Amino acid sequence: MGDGSENNNDATLIVVDPRFTRTASVADIYAPIRSGTDITFLSGVLLYLIENNKINAEYVKHYTNASLLVREDFAFEDGLFSGYDAEKRQYDKSSRTISSTKTATRNAMRP
Numbered sequence: 003m004g005d006g007s008e009n010n011n012d013a014t015l016i017v018v019d020p021r022f023t024r025t026a027s028v029a030d031i032y033a034p035i036r037s038g039t040d041i042t043f044l045s046g047v048l049l050y051l052i053e054n055n056k057i058n059a060e061y062v063k064h065y066t067n068a069s070l071l072v073r074e075d076f077a078f079e080d081g082l083f084s085g086y087d088a089e090k091r092q093y094d095k096s097s098r099t100i101s102s103t104k105t106a107t108r109n110a111m112r113p
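If you count the sequence shown from 1, you need to add 2 to reach the working numbering.
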């Protein structure tokens with residue numbers, strides 16, 4: 003049995019971890035991200051999956067909390083999230099409220 007490589011179905015093993023572990027030592031790709039950047043990394047992965055339609059929309063709709071998404075008017079422009087006041091150098095937190103379930107689910111499941 004060993005490291006499991008006997009039955010890998012030609013899969014690529016990717017390890018994202020700040021620590022070099024035994025699993026990382028046998029990985030095809032090892033990404034040693036800095037501690038505290040994991041949310042940013044995960045957000046990028048999720049963005050890629052959503053934009054490239056690599057998610058199982060039916061599963062996400064029925065078995066996750068995807069319906070609790072941020073309001074439709076929450077946007078990303080010029081590297082800043084919506085609601086940013088440059089003079090005050092702060093965000094308007096009211097632009098980050100949760101959307102209604104029906105609207106968020108409908109918008110999240112668009113191809």
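We put the CB at the ideal spot given by N, CA and C, even for glycine. No experiment lies behind these values; they were computed from the predicted model shown.
Could you check if residue i is buried or exposed, using at least 16 other CB atoms within 10 Å of its CB as the buried criterion?
{"i": "A106", "result": "Residue confidence for A106 is low, a pLDDT of 49 falling below 50, so the modelled location carries little weight; the figure read from the coordinates is stated next. Buried, since its Cβ has 16 or more Cβ neighbours within 10 Å."}
Just to confirm my understanding: we take residue i, look at its own chain, exclude 5 residues before and 5 after, and list those with CB closer than 6 Å. What are they?
{"i": "Y32", "result": "V17, A26"}
{"i": "N67", "result": "none"}
{"i": "F41", "result": "The amino acid at residue 41 is misidentified as Phe; the sequence shows Ile. Result list for I41: empty, nothing under 6 Å."}
Tell me whether the beta-carbon of residue i lies closer than 8 Å to the beta-carbon of residue j.
{"i": "T51", "j": "I57", "result": "Note on residue identity: the sequence assigns Leu, not Thr, to residue 51. Contact: yes."}
{"i": "S45", "j": "P20", "result": "no"}
When DSSP builds the beta bridges, which residues end up paired with residue i?
{"i": "D87", "result": "Q92"}
Just to confirm my understanding: we take residue i, look at its own chain, exclude 5 residues before and 5 after, and list those with CB closer than 8 Å. What are they?
{"i": "T23", "result": "V17"}
{"i": "D30", "result": "T14, L15, I16"}
Is residue i near the ligand SAH, judged by its Cβ being under 7 Å from some heavy atom?
{"i": "R21", "result": "No copy of the ligand SAH occurs in the structure displayed, which carries no ligand at all."}
Every unbroken beta strand (DSSP E) within the segment 9–66, with a cutoff of 3 residues, ordered by chain
16–18, 31–33
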